[in-house]
Each structure stands twice: as structure tokens, then as C-alpha cells.
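Okay, so here's the structure we're looking at.
There are 6 protein chains.
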Amino acid sequence: MRVVRWQESTRGELSELLPEAVVVLPIGATEQHGPHLATGTDALLATEIVERAVPAAAIERPFVIAPTQSYGASDHHLPFGGTLSLTVETLIAVLVDLGRSIAAGGGRRLVIVNGHGGNQGVCHAAGSAISTRYGVAVAHIDYWAVADTFPGHAGEFETSLVMGVRPELVRERKPRERLPEPRAIPGAGIHSAAVWDDIDGYTDDPARATAEDGTKTLDRLVAEMTNRLIECARQL
Amino acid sequence: MRVVRWQESTRGELSELLPEAVVVLPIGATEQHGPHLATGTDALLATEIVERAVPAAAIERPFVIAPTQSYGASDHHLPFGGTLSLTVETLIAVLVDLGRSIAAGGGRRLVIVNGHGGNQGVCHAAGSAISTRYGVAVAHIDYWAVADTFPGHAGEFETSLVMGVRPELVRERKPRERLPEPRAIPGAGIHSAAVWDDIDGYTDDPARATAEDGTKTLDRLVAEMTNRLIECARQL
Amino acid sequence: MRVVRWQESTRGELSELLPEAVVVLPIGATEQHGPHLATGTDALLATEIVERAVPAAAIERPFVIAPTQSYGASDHHLPFGGTLSLTVETLIAVLVDLGRSIAAGGGRRLVIVNGHGGNQGVCHAAGSAISTRYGVAVAHIDYWAVADTFPGHAGEFETSLVMGVRPELVRERKPRERLPEPRAIPGAGIHSAAVWDDIDGYTDDPARATAEDGTKTLDRLVAEMTNRLIECARQL
Amino acid sequence: MRVVRWQESTRGELSELLPEAVVVLPIGATEQHGPHLATGTDALLATEIVERAVPAAAIERPFVIAPTQSYGASDHHLPFGGTLSLTVETLIAVLVDLGRSIAAGGGRRLVIVNGHGGNQGVCHAAGSAISTRYGVAVAHIDYWAVADTFPGHAGEFETSLVMGVRPELVRERKPRERLPEPRAIPGAGIHSAAVWDDIDGYTDDPARATAEDGTKTLDRLVAEMTNRLIECARQL
Amino acid sequence: MRVVRWQESTRGELSELLPEAVVVLPIGATEQHGPHLATGTDALLATEIVERAVPAAAIERPFVIAPTQSYGASDHHLPFGGTLSLTVETLIAVLVDLGRSIAAGGGRRLVIVNGHGGNQGVCHAAGSAISTRYGVAVAHIDYWAVADTFPGHAGEFETSLVMGVRPELVRERKPRERLPEPRAIPGAGIHSAAVWDDIDGYTDDPARATAEDGTKTLDRLVAEMTNRLIECARQL
Amino acid sequence: MRVVRWQESTRGELSELLPEAVVVLPIGATEQHGPHLATGTDALLATEIVERAVPAAAIERPFVIAPTQSYGASDHHLPFGGTLSLTVETLIAVLVDLGRSIAAGGGRRLVIVNGHGGNQGVCHAAGSAISTRYGVAVAHIDYWAVADTFPGHAGEFETSLVMGVRPELVRERKPRERLPEPRAIPGAGIHSAAVWDDIDGYTDDPARATAEDGTKTLDRLVAEMTNRLIECARQL
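Chains as they are written, first to last, in our numbering: chain A, 1 to 236; chain B, 237 to 472; chain C, 473 to 708; chain D, 709 to 944; chain E, 945 to 1180; chain F, 1181 to 1416.
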């Protein structure tokens, strides 16, 4: 089936595709990723995975990839600098407005592929609102949740992935002598400045990252995301 | 350590306790729970677990239990009737205002114990906002997530629990000949009217519920929640 | 006629009742009530009066009692500690959302029984919005306004009432040598921090309160509220 | 003491006056007033009374009259036509913004003189928010509440007053054979379309109005409002 | 064709006129205008021009003049004192609510005549929202943009105009030895406190203003505004 | 001076640059552009011009290019399909949040380069709010306004530009026999569905566009934008 980018298509092409299509919206963040990693990491990776997974997923329905939402809910990273953040209220409004637009254009299915932990609540809340207000079926998927991975933040996992796809976005990585032990409670979500202060804004040890690992992990994520998108096409 | 209910304490008692205490806010919903279960189930169970777990958890810090937030984000249940729902925007505003109040009263730690799946995104988003805006450390815990359980909605799990604590709130349960198979995609959150329409607004088979199972499960949930609250007292 | 609590009823029971019923929503506050009185006083008393008055009022229509809204608009009490307050904007949104839900569930009549002076404007504004937006007829009644009483705040009146129903929520009451004279202008509503600062956050003299007075006053309030609710059933 | 209109003063004059002054904001509505009365009645009368009362009240403090807020919360009158209404949320925001501006300009006292019943809740809610957020002391006074009057809506009372001050704004008044009996419950605020539909959008009988009565009533209202404003100057 | 003021008309008169009429809403500001000019200048001038231009424009359609919106978006003038400002969000809400009301009353055409530079974005944004949400066609016209004029702020232009219509609102004008050179970039809108700080809150040299110039300019503006309003009647 | 993309920089690099830098935010839209042009045109062109102009402008200050805001205020294009639009309220919130973030990161200067007429009011309103709330100096520039051009919408101008930079985004262009004459009033902004309906959602005649014209125009726009950005570096 056909795969198009929304922004590269005309109104006529979109009007024809949308009633049957799955719209995929990558959402990331533009926020501090430690001293070594580019601030655009989350938007970059969500976009990369969508770009690779969607073509393989378009078996039963056409897919339309919407422009990446580069700005996420990152207020907790503002104290570290380099962060462009939307409040949770604003980001919910953005997603709800986009859901409204999809409905207005004849669309019925939206998958939000999320690249930033801070967006999880927003995606859930907005997905619920879009569905009940506009009748668009919504799925939201954290890209790291499709495989058995520990994403962390700006640690080995993300650094590897960026080394795999855009190595020039990774700066010098000083090894951490001791792995930080972030506050965590199983089954609980924690929101506290201390969580981030304790670890200087990034988890585990980016110095252990390799481009090879990143490439492998990305392949795995793309393969699993493809499966999820196929399921979305079937079930939404 | 001391355990009090906020609403039963005076301003002086609270001003003394709050700087060291953990405030626990149970949040539920007032929404349709199938043909057989009372609409207040989620608020009831979140409150019940908090009431039982907190006294055992108050080892290292005092605990203050706030009045239960009985109204949740249940717009997806409005079509079935019997539902009092706040929009996600309103419920976030409620939680953020409460976080602001806790900070104004000298409090520094808030644990939201959640009894309703539709509140997950709201708790996450509000927790983030409370932490960054008012410097209150927030944890949010879905009560069913502390043990290895499948909560469903108004199915065997919840019906058992209510049979254990308030059996008069359970009406006649017609057995389901075939278990419904709700749409689900591993790792994805789905928001779609069809999800609920397919299964008449409740999961699996409430007829299989027993008070005995409910009591056992509740004991297990309370024990695990106690552990989590102790961790909150330590880490927040 | 039938009287039910919303949260103890099933969706089917509510769907059947709501088109003919009067929904009663008690609303209070969780806020400082001087050095002697529990912070939950307003929610407690509004609930108590509703619970007692409704059964007698259900002559011509069924009544549905909704879960008490325990959090009110109490920002002016935040400086005294022990206060969980919603901003006026948030509380209006809460009430409007509940009105929307009642309409969605087939309801047509809502009576808000209010236990907190700070909620008066909010109840009026929200009542107007619910009526014009959702076609639900709304009445809002301050419980102290149905009889010829001077409610004050945490003074003799409220302290007596709480002594009558939950005496353990009243702490030691130091007599006031001189009755404070709060700023007041007949026919004017005044909002000023000085109003509360002048009188240490509570009016007149709680030491004069007695459980006996409280019981009598409560009986009178319940009887009058019953009359008002009967009128609501007739006129809304 | 000095009395000025805000809009006719310079920034320097206002900066000098505001710290000691009482700012008076007339607020009305622009809404249907039956078949016979101009839609601007409420703004007209609030302004008229302010203009007459303030000069006599400026004994102990200077007074600054702000431009009349002509648009009120009149959604319930929209179905009758001829109505320019703000939602309650918008009008609260307007008043809160004006309170913020007064604080920014050095002002400390605001009296809102209200000419429209639909604004009552809004004035109360906004007054509370202005006081707690910006430290400005606020009083709000419904102009008809200062004397022992029954204002109604577009009935004998208002029609008389307009006949007294702007007789050309009163059109032909057809006598009502039978006085309408509006739904009313003592001590309750009622918001229902039926209240207004029953009486064709205006109360009692405007045909009984006379300019003479209007003039007398207005004199009485002005005298009483003067007293209230003097009290505001003393107590705020 | 007929010209009426909304606030002086009855609901019946307006219901008859609105479907064919052009509604004209003057909007100004109440904000500092230097040391010499009254703060109400913008509302005054927008109203004056509307009052003069509309009668001549009512050739093909009736016109309805709405009450002037005296409060504009003037947050950038708050630091100079004497300013009553609405945030941009609030002012947009006000205009959108008025547009909604016009639609509810049967109106289809709205012209906003703006007297304050700070309102430009608000008028544009609100005009768009009114049109798409309520189907009312909206034009917004800055009064100074209809002729080839340099408006500045509280400088020669505005001072002349006020001297022409309300000379008592102009105080002593100290000549400026050197004309200030405000920051400006062709084709760019600039928002910066420094822009206003540099020039003490007013542009160019009010001492050069004359009543004669003001009268001439006003005549020209009225004539051109008349033409624009005629066009609005034709094209909206 | 240095030019970086925000998303490709680390927090440390940005923290160092921001106090002296000019942040440039391209903003466009994702909306119908007639039957022939891709919906991403406005975001594409704003980004293209920023990418070309900034390097030449970074003479006196470093420049930081933020990720393009691809979603604009396009509700008026929703009826034509293919449109992803934010309401004006949401887009203002987005820009204000980004301004807040820039301030939090130490930035002091923001230039919004706008590619969509529907965003003009939003940029103005948000620019004002950012400046007064966060002390960031803001300029907003419509890219077409820097040269003497008639932009239209999806007509010859835009089509030429896209043919110059991304010719594959232009589909077959059917010549228009008669040039449409859009409703327009000099000096007035018009918001009306009829404006767009009359011309099938695009202005003039895209068939007259050539890549050569587009390239020339783009060069001219880039050169002029460079000048404006240099001025921004000097004056903001």
C-alpha cells in the first residue's frame, strides 16, 4: 500500500488516502541530553524509526507520516539548559488540535510514535481526548517499549542509537567511574528534580555506547515497531 | 510515625506534619462498570488500599491521607451512562492545584494512588507539572501495578475486589459464554470507542469473581502498596 | 421515590433514574478552620445535610446523591496552612464537566448544595454555564442560607455543628476575650487578605459552641433544606 | 478628595493617585431586555450610579473611575437575540487581568459596581482571585442590593430607572394582563432556560414603570451607594 | 440605511437588523500615553472615527455600532503606570465570545475598528477564529492604516487628533530637543521592553501637535474609513 | 560568528551561546495549497530561507536555528482537506512556551521567521507576551514581507519558489482561464470562508510559475532576510 509524507502530498491525495489510512505522528523533544549528546535526540530517533518502520508496515492500509512534533514536554530538563519545552497543557492542546484536523480531513486512525519519556502522560491524555471528541482511533507507542530495552536518558542506549544514525551528534564521552543509581520505585512514576540532579541529567554510562550496538538495537526496534504498526492497521 | 487524614486535622497539626510527611492522594473515577458493578468502584478501591496500606508504611515519615478525588477522566465511558467524568484538562488542573496547595502548606512529597486506567496519563502529566512548578516531589502509582495482576475493567479482578470489601455493590452477574477479546497491541496504549463497544464496556467475565479471591488479592495489593509507600518515604 | 448514591449504583440503574431524577452534589472545602476545627468541616457539613435532607425530599422525584466535591475554592486560606484549594477557574471547570456528564447520562436537574462561602461565585458561574451549555437546570444552595443563621467561618456556628455530628473533630477552644469585628459592608462582597488576617482566620468565638446547639441548628437546617429540595424537584 | 476618570488621566496622575485611591469599575451587560428596553440598560445604570455616587464618596480617599465593562455574562439571554455576551470564564479572565493591571500601577483597592445579575458569580470568583493573586483588596456591590429593592429583569424597576435617565431608550410597553410568576426558591440560585422562557425574558410589568419612580429610586440607590463607597474607602 | 447603536436598541430591533447589517466594534486601549496624553486615547479615537464614518457608510446595508471595547492588550505599557491591560489570551477570548454572540443573534458581518497597535495580532487571531468557528465574516482595520499616516504612540499624530476632539485631555507638552529614534526593522514586528524604555514610552515630539492638524487628519481618516466600511458592506 | 542548529547542539554549547545569540525559529503550516502544491509548502519555504539567510547574517552575533514549527494556524483551510492545523490559542501557547524556554536557557533574542499568512496575528500576540513575560526581545518577520512581493496562497509566487527548491512537490497545474479576484479591502484584514471558497483555496494562476522565477525570487528573499537578521542582531 501507499506510503506518503503528509507535507509532501497535496490536499487531493490526502483526501483520498485518509479515510483508509493510518496517520503516524512522530513526537520527540528538544532537550538537554547530558554533556555529550545533541538536544534533538528524541525527535531524531522517533523520526528515524518511523521512517524505517512505516514502509514495511503498509501491507493492509496506506500510511501517512505527519511532520515530526519536535517539541515535547521537557520542563524537568529546563534547569540544565539547552531545552525547548512545552508545558503539558500546551502539548496536549497541540495533539488534540492535530487529532481534530485529522478528523476534519477524513482520517480515522492515528498512531503517535513517541521518543521521550516526559511525553508519556501527554500522549495518553491527548489520545483519550482525541478519541472521545473526534472519533479518531488513537494508539500511542513509546518506541523503546516495543523491544525489551532499558532506554534511560542520554545514557548508553540513546547514545548508541545516535552513534548508529548520526555519529556527528555525539560529543566526547567521559566515562563514569561509578554508575549512578537513579531513584526508582517499581510500578511508580516519579517526578522530582532530585532524580535528575543526582545524576547530572543523564543515566548510566554513555562511554559504553558503540555505533555497532546502536545499529543492532535500531534494527530490532524498527522490526518490532513494524509489527506494532501492522497491528494498528488491523485493530484501529 | 503519625498517620492522619487531612480533613480530620487542624491547620496547626498539618503545618507541623507537612514538611516531613508524605501526602497520599487516592484518585479514582465515578463511571460505568458494566451492568453489575457500582460506578464508584475505582474510587472505592483506591481509597480502601490507601487506608489499609498507609498505617503500615508510616515507619520513617508521617503520612497524611488527603480526601479521595472521586471524579476521574472517564469521557470514554460517557456513552454507556452512569458516568461523571472530568476532561483530562480539568483533571490535570485539579491535581496541579492540589500540588500547589501542598507546597503552600509546607509539604514536599505527594503520592497519588490511582484506581482508574483513564487517569494514567493525567497523573503522569500533572505529576511532572507539580514537580517542576512547585518543587513538590511526586510519585503516582496505579494500585494494580504493584502486584502481578491483570486489572481489566469491571471484570473478574475488580468484581472480586468489590465482593471482598463491599459485596452489596455487586449486582447479578450473568456469565459470559465467550470471553471477549479486547483489541490490544503490546506496548501500545489504545484509545478508541470500538475497544469498549466490542465488549459492552467491561472486560473478561465478572461471573468468575469470588469474594475469597478478592480478599486475597486485596491483601496482596495492600502489602505491595505498603512497600511502595515505604520506598516513597525514603526516596522522595 | 427512590434515593440512591451515584457511586453505589450501576450504569443501568442510573440510566433509568436520571431523566426524572434530581442529582444533588454536595460541595465543600478542605481548608483551615482556625486552630480548633478540622479542615474538612465544610465538606463534612454539606454532606451531612444532604444525606439527611434528601430522603425526606424524595416525594415527587427520585434523587441521586453524587460523591461530595471535597475540594473548594480556598486560595484565601492558603496563607494559614492546612488548606487544599482549587483556583476558581479549576473549580468552575470541574462543575461544568460534571454538568456535562449529567447531561450525557440523561440527567436534567442538578442541585449543588454548598458548604463554603468561597464557592459561592463559582457555583453561580458554573450553574449558569451548565444550564446554557448542556440544558441541565441547576440550583445552588448555600446550606446556611436556608435558615436564618450567621455562618461565619470556624466560629460558634460551624463549631457547634461539628460538635453535634463529629465531636472528635473539634480540638481545644480557647475563649476569645474580645469578639473580633471583621470588616464588612452591607450588600458588598469583600475579598481581602486583611479580612482574614485581622481575625486569625476564624470569626467570632468557637468557645461558645455547644453540641446541643449544633444538633438543634442542624435539625433546623435539614428541615429547611428538605423544603428547598422539594421545591427544586417541582420547579427545575 | 480628587475624583478622576482613569481614561481621562495621564500615567503620571494615575501613578500618584493609585496607591491611596479606590478604583471603581462599573460592570454591566449588553443583553436583551424584553421587547421594550434597550440592551445596554445594565451598563447604563451601573455607570450612572457610579458617576453620581463617587463624587460624594470621595471624602477620605481619592477615587478613580475606570471605563465601564459593558459586556457581561449573558449567555442565558442569547436565545432571545440582541445579546453580546462573554462566557463566565472569559469575564473572570477580564476582571482578573484588570486587577493585575491595577496592582501593576500601584493600586490597592478595587470596587466593582455591578449592574447585572448574571455577573454576580463572576464578580465573586474574580474578586477572590484578584485579592489572593495580586494583593488588591476587592469589594463587589450589586447596585440594587444597597437599597431594599426588587430589581427583576427589564421589569418595572429597571424600566423606571431608564425612563428617569434616558427615556428615549424605552419603547412602547404593552401592559401584561397577568404578572408572570417566575420560578424561584428562597435561598437558591436557579439557572434554567425555563425560568426565562416562561416569562418571555423579562419580569413583572414594565407598563407600570414611571419616570418619576425611576428618579426617586435612583436617588435612593445613589445615596446608599455613596455610603457603601465611603465604607469601602475606610475598610479596604 | 439605518444606523443604530447596539446598546440603544431593543432585542427586536437588533434581531431584525442583524442578518443584513454590518456590526462595527471599536476597540482601543486604556494605557499610558506619555506624560501628556490621557490614557483613554486609543479607545477615544477609534470610537470617534467609527461614530463619524459609519453614518456615511450605511448606503447598502444597515450598520450596528457595538459598545467600544476600551481595554486592549497593553502589557508592554504596564511598567509605565496608568495602564489597564488584558493579556492577549484574554482579549482574544473576549473578541471570540462577541463573535459567537453576533452569530447567535443572527449577525453575519463584523468589522473591528482598532485604535491600538498592541491589538493587531489579537484582532487577526480572533478574526480568524470567529470566522471559522461561527461563520461570521470579519474584517479588522487599524484606523491609522486607511490613510497614509505614521501613527507612532502618543506622539505628534495622536496628540494632534486628541487636541482636535478633546483638547482638555492633553496636558503640558515639553518639547523634545532631539527626536527619539525608536528601534525599527522594516517588515518586522518588534516586541521588546527596550523599544519603549529608550523613548520614555512615546514616539517623536508631541509638542509639534496642533488641533488644526488633528482636525484635518481626522477628517481624512473618517473619509477613508467610510470608504473601507462601504467596501466591507459589499464584500463581507 | 557561529551558527548552529539547536537540535544538533549539546546543552553546554547552547548554554554558552544563548546569552549572546539570536535564536531563529522558522514557522510554517501544513495545509492545503490547492490541487497542485504540497501541503508542507509554508514550513518548507520558511525553513529554506532561514537556512540560507542565517549563515550570512551571523556577523555580529552567533545564531541558533531552532527546529521548524511545522504546524500553523490553518483552521480556515480545514474545509479543503489535507490540513493539520492548530487553533490560534494553541499556537500562541506553543510560541509562548518556547519563549519561556529560551529565557530559561539564558537566551535573550528571538526572531520568528513566518511562512504562513494565517500565523501573522499569532506571531504578533505571542511575541508581545514573550517579551513582557520573559524579557526576551522578539522580532517576527513574514518572509515575503522583506521584498516587494505579492505572496498570495499557492499561486504563482509560492509555486515558483517550490519549483525552485523542491520541484517534485509540484503536481500538474491546470491553467486558470480567468484570474480569480479575491475579496480584498486595502488596509483591512479579512477572515471569511467566502474569500477562500470563491477561489477554490488558491490565488491567481500557478500555471504561470517557473522554477527560474522561483530561484530568482528566493535569492532576493534570502538576501533581504539576511539584512533583516543582521538588523535583529543589532537592535534586539
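Each residue gets a CB set at the ideal place from its N, CA and C atoms; glycine is no exception.
In this text, all values refer to a predicted model and were calculated from it rather than measured experimentally.
Within the same chain, and ignoring the five residues on either side of Pro883 of chain D in sequence, the residues whose Cβ sits closer than 7 angstroms to its Cβ are Asp913 and Ala915. Inside the stretch 1060-1113 of chain E, DSSP marks whole alpha helix (DSSP H) runs of 4 or more residues at positions 1064-1078 and 1100-1109, from first to last along the chain. Residue range Arg1289 to Asn1294 is occupied by the beta strand (DSSP E) that includes Leu1290 of chain F. Counting only the Cα atoms, Gln356 of chain B lies some 15 angstroms from Glu89 of chain A.
Sequence-distant Cβ neighbours of Pro1215 of chain F in its own chain, meaning closer than 6 angstroms and more than five residues away, do not exist here. Boundaries of the alpha helix (DSSP H) around Gly1043 of chain E: Val1032 to Ala1048. A Cβ of chain A is located within less than 7 angstroms of the beta carbon of Glu1188 of chain F. Contact annotation, Gln479 of chain C with Gly276 of chain B: C-beta distance approximately 3 angstroms; criterion of less than 8 angstroms satisfied. Relative to the Cα of Tyr202 of chain A, the nearest Cα in the group A:His33, A:Gly107 and A:Leu78 belongs to A:His33.
Contiguous alpha helix (DSSP H) elements confined to the stretch 5-38 of chain A occur at 11-17, taking only those with 4 or more residues. Of the candidates F:Gly1307, F:His1371 and F:Leu1225, the residue whose Cα lies closest to the Cα of Thr1395 of chain F is F:Leu1225. Put simply, the CB of Arg100 of chain A is far from chain B, with every gap to its CB atoms at 7 angstroms or more. Shown in chain order are the members of the stretch 366-378 of chain B whose Cβ falls below 9 angstroms from a Cβ of chain A: Ile366, Ser367, Thr368, Arg369, Gly371, Val372, Ala373, Val374, Ala375, His376, Ile377 and Asp378.
Spanning the alpha carbons of Val458 of chain B and Ala381 of chain B requires a straight line of approximately 12 angstroms. Using a C-beta cut-off of 8 angstroms, the stretch 1345-1361 of chain F makes no contact with the stretch 1068-1085 of chain E, since fewer than three inter-stretch Cβ pairs fall below that distance. Distances from the CA of Ser160 of chain A to each of A:Arg228, A:Glu212 and A:Ser70 were compared; the closest alpha carbon is that of A:Glu212. Beta-carbon to beta-carbon, Gly1287 of chain F and Ala1201 of chain F are separated by about 7 angstroms, close enough to satisfy the 8 angstroms threshold. The Cβ atoms of Ile141 of chain A and Val113 of chain A lie closer than 7 angstroms to each other. Closest in C-alpha terms to Ala390 of chain B, from the list B:Leu254, B:Ala445 and B:Leu331, comes B:Ala445.
When DSSP states are grouped into helix, strand and coil, Ala424 of chain B belongs to the strand group.
The beta-carbon distance between Arg1408 of chain F and Glu1240 of chain F, rounded to whole angstroms, is 14 angstroms. This is too long to meet the 8 angstroms contact definition. Taking the Cα positions, Arg879 of chain D is about 6 angstroms away from Leu745 of chain D. Using a Cβ-Cβ cut-off of 7 angstroms, Phe552 of chain C counts as an interface residue toward chain B, since at least one Cβ of chain B sits closer than that to its own.
Contacts with chain D (Cβ-Cβ distance below 9 angstroms) from the stretch 976-991 of chain E involve Gln976, His977, Gly978, Pro979, His980, Leu981, Ala982, Thr983, Gly984, Thr985, Ala987 and Leu988, listed in chain order. Shortest Cα-Cα distance from Leu25 of chain A to any of A:His76, A:Asp75, A:Thr87 and A:Arg109 involves A:Arg109. DSSP places Ile301 of chain B inside the beta strand (DSSP E), whose first and last residues are Phe299 to Ile301. Shown here for Pro770 of chain D: same chain residues with a beta carbon closer than 8 angstroms to its own, the five before and five after excluded, namely Met709, Arg710, Val711, Val712, Leu725, Glu728, Ala729 and Val730 in chain order. Boundaries for Gly789 of chain D: no alpha helix (DSSP H) harbours it, and the DSSP string shows neither H nor E there. Judged by DSSP secondary structure, Asp676 of chain C falls outside any alpha helix (DSSP H); it is assigned neither H nor E. Using a CB distance cut-off of 7 angstroms, Asp1144 of chain E does not count as an interface residue toward chain F. Listed along the chain, the chain D residues whose CB falls inside 7 angstroms of the CB of Thr540 of chain C amount to none; the nearest CB is some 19 angstroms away. A Cβ-Cβ distance of about 30 angstroms is found for the pair Leu1264 of chain F and Thr1312 of chain F, leaving them out of contact under the 8 angstroms criterion.
With a threshold of 7 angstroms between beta carbons, Leu1123 of chain E makes no contact with chain D. Proximity of chain D to Arg1115 of chain E at the Cβ level (cut-off 9 angstroms) is accounted for by Thr718, Gly720 and Glu721, in chain order.
Excluding sequence positions up to five before and after Ser487 of chain C, its CB lies within less than 8 angstroms of the CB of Gly577 and Gly578, all in the same chain and listed in chain order.
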